[in-house]
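Numbering (my numbering), first residue to last: 80 to 350.
The beta carbon of each residue, even a glycine, is placed where N, CA and C say it ideally should be.
Predicted model only: the values in this text are computed from it and were never measured.
Notes for the one structure printed next.
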Amino acid sequence: MNATQEQITELKSALKAKHLSAYHKRIQAVYLRSQKLTYKAISDLIGLSHDTIWRLVKKYEQEGLSALTHDARGGRHRSYLTYEEEKAFLEEQFVGSASGQFVTIAEMHEAYQTKIGKSWVPKGVRPHVHSHYIREYRYCYGAVDAHTGESFFIIAGGCNTDWMNEFLRQLSQAYPNDYILLVMDNAVWHKSRTLEKPTNIGFEFIPPYTPEMNPIEQVWAEIRKRGFKNKAFKTLDDVINKLQEVIQRLHWSVLKPIVYRNWLFSDFDVK
């Protein structure tokens with residue numbers, strides 16, 4: 080792909096646009112190709128096949144950005160289920176089929192919609208989910224070992240350098256005999272000049288616009304699905320308690336398949 084500077088600028092802006100977040104992976108594939116990454120390298124980074132990346136690039140070259148930011152028909156939404164929920168759902172369908180039950184696509188679709196908590200409303204009416212107008216916040220800092228699934232989290236009162244320092248301090252104290260290499264994005268508080276880095280912790284930063292290279296993003300999605308899907312809480316304390324409950328139940332066996340990446344260990348003799 081021989082992208083012009085104007086196209087590269089357009090793709091960069093699209094990657095930052097919140098209203099296009101649903102199409103981030105498509106845009107990212109084309110952007111990475113414009114940066115001369117090979118199809119294999121892009122596939123390893125974001126999980127799309129060679130053919131899919133090729134089609135996205137061709138569509139962009141022929142029709143522009145709009146070709147990447149609209150949906151055709153179909154589509155699957157497995158991300159609404161946790162790993163265990165999806166496994167249990169598929170096992171239910173398999174058991175029914177193995178026992179002689181004739182399982183149709185329509186029946187599976189209806190059962191799936193029930194599982195993910197979709198709401199029904201008359202045609203033309205937007206569904207409503209309870210929410211609060213009061214805006215209070217708490218934040219979660221976390222690190223997960225991409226090889227073992229072992230994790231460490233704290234619930235924080237802010238998202239800034241002071242709280243990042245507190246997270247690093249507690250993480251360092253929790254693993255005093257280990258050297259930890261933290262892979263992080265380029266958030267301001269990750270690179271602050273006043274950051275106090277413990278001697279047993281090192282930093283490595285992922286390239287811009289590549290959240291797929293930081294598996295902790297999928298962990299945050301898992302936490303939201305497990306504790307906060309279509310739910311409203313009466314108080315902030317209820318939110319904090321639920322977050323703490325979800326975190327404490329995140330066993331390493333759940334986290335490992337979420338964060339493990341073959342390419343992450345391809346250059347290391349890790350087994």
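CB-CB length for E283 against P290, believed under 8 Å:
With a Cβ gap of about 15 Å, E283 and P290 do not count as contacting.
Which ranges would you report for the alpha helix (DSSP H) in the region 268-339 if only whole runs of at least 4 residues count?
The DSSP assignment places complete alpha helix (DSSP H) segments of no fewer than 4 residues inside the region 268-339 at 295-306, 315-327 and 331-338, in order along the chain.
Own chain residues within Cβ distance below 7 Å of V298, not counting five before or after
By the criterion of a C-beta distance shorter than 7 Å, V298 is surrounded in its chain by G221, V223, L334, I337 and V338, once the five residues flanking it on both sides are discounted.
If A108 and L94 are in contact, beta carbons under 8 Å, what's the gap, nearest whole angstrom?
No, A108 and L94 are not in contact; Cβ-Cβ is about 11 Å, not under 8 Å.
Counterpart residues of Y218 in DSSP-defined beta bridges
Among the bridge pairs identified by DSSP, Y218 is matched with A235.
Here's a check: name, in chain order, each residue in its chain whose Cβ is nearer than 7 Å to the Cβ of L90, leaving out the five neighbours to either side.
The beta carbon of L90 sits closer than 7 Å to the beta carbons of I106, V109, Y110 and S113 from its chain, once the five residues preceding and following it are set aside; these are given in chain order.
For M292, which option in V262, A167 and S145 has the closest C-alpha, if you only look at C-alpha atoms?
Relative to M292, the option among V262, A167 and S145 whose CA is nearest is V262.
Should A253 and W242 be called a contact, given that it needs their Cβ atoms to be closer than 8 Å?
No, Cβ-Cβ distance for A253 and W242 is not below 8 Å.
C-beta atoms of L250 and E275 nearer than 8 Å
No; because the gap between Cβ atoms is not below 8 Å, this pair is not in contact.
Beta-carbon separation of V318 and R305 under 8 Å?
Their beta carbons are not under 8 Å apart, which means V318 does not touch R305 by this criterion.
So for L260, helix, strand or coil by DSSP?
In the structure shown, the three-state DSSP call for L260 is strand.
To which residues does DSSP link S230 through a beta bridge?
Paired residues: V223.
Where does L135 land, buried or exposed, given buried means 16+ other C-beta within 10 angstroms?
L135 should be labelled buried.
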